[in-house]
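In numbering that gives the first Met the number 0, the protein residues as written are 0 to 54.
Built from N, CA and C at the ideal position, the CB exists for glycine as well.
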Amino acid sequence: MKKADGISKIKRFTFLSAIEDIINTDLIYIYIIQRDCTRWHYNFLNQVARKNVVE
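Encoded structure:
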């Protein structure tokens with residue numbers, strides 16, 4: 000009985016850690032996408048601001 004409990008605990012742990020890995024990966028991707036989008040957005044705003052200043 001004890002051995003079976005240990006196996007189920009290990010299985011549960013790996014399942015939860017797999018879910019945590021997926022969540023962490025998603026958060027990393029979201030962070031990268033947000034970072035790139037804000038960088039693009041700032042560049043775009045800078046270009047618009049420069050155009051307005053030059054004109």
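Alpha carbon of residue i to alpha carbon of residue j, nearest angstrom
{"i": "glutamine 33", "j": "valine 47", "result": "21 Å"}
{"i": "asparagine 23", "j": "serine 16", "result": "10 Å"}
{"i": "tyrosine 28", "j": "tryptophan 39", "result": "16 Å"}
{"i": "arginine 49", "j": "isoleucine 18", "result": "46 Å"}
{"i": "leucine 44", "j": "isoleucine 31", "result": "20 Å"}
{"i": "tyrosine 41", "j": "leucine 26", "result": "22 Å"}
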